[in-house]
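*Asks:*
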Ligand code: PLP
């Protein structure tokens, strides 16, 4: 049963399918696990097979030709990985890339043309903002942004603004690009409200959302109206801080456009990395669940600490708040990355970071080990200071990604580090 997702009427959970879906051992000498296909090219049986495959790949023929050609287009490890990644949100298709940023760059290049406008939520991961706000304007693509926590009325107003701007420029709104929870503030976007506004106002604009922080286990934005989910697979999916990769899942017709760009530009994930990600996917639910339990214990400890101003942790959203309402409608868990705002500024944040013993002082997130960093001084240093202020990325903010260590040990580490502040 390589591609079955049901036993009778019973729907098998994606977690259970991560161990075997999409791979037929009989095609690889009975090997239980897929071998790593370290090859640049694949042998055709007949010249006509090669022609059929190229005709399909280049869009000159609609007749589906199945087979492998050249590892810039496809490879067994990458194809199995894409089949498994697509299962988490019941997506029609998935694509994997050499990094999260490669996925985002290919996505934008597939949809945006000169005079178009991208409507984005803010903040985004700094390099994603860099592509939309700094690089794409050099190619005639502009943007309109709205705060991640915007209400339906605010989203409507910004969508009107983006539509009017695109019309003035003789282009279209090419893409609605979201990130939720936003890095590093954890602000949640009301994806259902964005999708309803888009359906009413801009039916042709696809919605893509960066689902790196909570996906694929705790957030499934395609169930709430998004057309595509973007992943830095480097983070929770890879989960061991030992690889760089990206992913895109969603509607096939949309992903086909991105695949065309990937075939030409070559941002595909290599076979070794794809194999490591297959291994990682087998434990992603276990890892994310354990890390989320740890994060809850740590945040319960931190929230009343006298040296802590506040924490932006999704498990502590105030009852009755708009963010809690969005959380309840969209998310399946609070995850394990949060922002700790210490009383003070950069000096206090650095003192805390320098005193950590078990947690590591490093950027990135979603690994088995706990990481802590200061976004204003590190990942988001390139964001102009006034925008950082606007988005609450202050100097006293420490971003923490909790791992799968013992919660008591992490609490002891934070207690000790807070003494140094
Ligand atoms: N999206 C988010 C939310 C991220 O945090 C990151 C990296 O930190 C990226 C995208 C970029 O991913 P990568 O580093 O795999 O290119």
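Residue numbers (my numbering): 1 to 421. We treat Cβ as the ideally placed atom computed from N, Cα and C, and that holds for glycine.
1) Under 8 Å by Cβ, that's how I've got residue 235 and residue 365 pegged, so tell me the actual separation to the nearest angstrom.
2) Apart from the five residues on each side of it in sequence, which residues of its chain come closer than 8 Å, Cβ to Cβ, to residue 19?
3) Determine which residues share a DSSP beta bridge with residue 147 and list them.
4) For residue 292, report the span of its alpha helix (DSSP H) as first-last.
5) For ligand 1, is there any heavy atom lying closer than 7 Å to the beta carbon of residue 186?
6) Considering Cα atoms alone, identify which of 206, 16 and 134 is closest to residue 159.
7) Please name the residue in 139, 374, 241 and 129 whose C-alpha comes closest to that of residue 179.
8) Closest to residue 196 by CA distance: which of 227, 184 and 216 is it?
9) To the nearest angstrom, how far is the alpha carbon of residue 67 from that of residue 59?
10) Using 8 Å as the cut-off, can you tell me whether the region 203-220 makes contact with the region 174-193, which would need three or more C-beta pairs spanning the two stretches below that distance?
11) Do you know whose CA, among 109, 96, 36 and 141, lies nearest residue 116's CA?
12) Run the CB neighbour count on residue 380, radius 10 Å, all protein chains shown included, and call it buried at 16 or more, exposed below.
13) Pair every Cβ in the region 122-136 with every Cβ in the region 247-255, then say whether three or more of these pairs are closer than 8 Å.
14) What number of angstroms, rounded off, separates the C-alpha of residue 390 from the C-alpha of residue 172?
15) To the nearest angstrom, how far is it from the Cα of residue 276 to the Cα of residue 49?
16) Between the alpha carbons of residue 341 and residue 52, how many angstroms are there, rounded?
17) Restricting to Cα atoms, I'd like to know which of 375, 351, 386 and 198 is closest to residue 419.
18) Among the candidates 413, 153, 233 and 181, whose CA atom is the shortest distance from the CA of residue 201?
19) What's the gap between the Cα of residue 431 and the Cα of residue 285?
20) Applying the criterion that 16 or more other CB atoms from any shown protein chain within 10 Å of the CB defines a buried residue, is residue 330 buried or exposed?
21) Consult DSSP for residue 419 and reduce its assignment to one of helix, strand or coil.
22) Applying the 10 Å Cβ sphere with the 16-neighbour rule, what's the burial state of residue 184?
23) Given residue 378, which residues of its chain have a CB within under 7 Å of its CB, disregarding the five upstream and five downstream residues?
24) Do residue 95 and residue 225 have their C-beta atoms closer together than 8 Å?
25) Rank 133, 376 and 93 by C-alpha distance to the C-alpha of residue 105 and give the top, closest one.
26) Out of 193, 163 and 11, point me to the one whose CA is closest to residue 151's CA.
27) Would you mind giving the Cβ-Cβ distance between residue 291 and residue 336, rounded to the nearest angstrom? I have them listed as a contact below 8 Å.
28) Give me the residue from 298, 229, 385 and 91 with the minimum Cα distance to residue 400.
29) With DSSP as the reference, label residue 7 as helix, strand or coil.
30) How about residue 210: is its Cβ closer than 7 Å to a heavy atom in ligand 1?
31) Whose C-beta lies closer than 7 Å to the C-beta of residue 310 among residues of the same chain, with five residues either side of it excluded?
32) My understanding is that residue 261 touches residue 109, with C-beta atoms under 8 Å, so please give their C-beta distance in whole angstroms.
33) Of the residues 216, 87 and 71, which one's Cα is nearest the Cα of residue 334?
34) So is residue 186 buried or exposed if we call it buried at 16+ other beta carbons inside 10 Å?
*Replies:* So, to answer that:
1) 5 Å
2) 282
3) 122
4) 284-302 is the span of the alpha helix (DSSP H), which, as asked, contains residue 292.
5) Not so, every heavy atom of ligand 1 lies at least 7 Å from the Cβ.
6) 206
7) 129
8) 227
9) Between residue 67 and residue 59, the alpha-carbon positions lie close to 15 Å from each other.
10) yes
11) 141
12) buried
13) no
14) Cα to Cα, residue 390 sits roughly 28 Å from residue 172.
15) 31 Å
16) Between the alpha carbons of residue 341 and residue 52 lies a gap of roughly 58 Å.
17) Checked all of 375, 351, 386 and 198; the closest Cα to residue 419 is 351.
18) Cα-wise, what sits closest to residue 201 is 153.
19) Outside the modelled stretch of the chain, which goes from 1 to 421, sits residue 431, for which no answer is possible.
20) buried
21) Helix, per DSSP.
22) buried
23) 363
24) no
25) 133
26) Per the C-alpha coordinates, the member of 193, 163 and 11 positioned closest to residue 151 is 193.
27) 4 Å
28) It is 298.
29) strand
30) yes
31) Excluding sequence neighbours, residue 310 sits near 341.
32) Taking 8 Å as the upper bound for CB-CB distance, residue 261 and residue 109 are in contact here, some 5 Å apart.
33) 216
34) Per the 10 Å Cβ criterion, buried.
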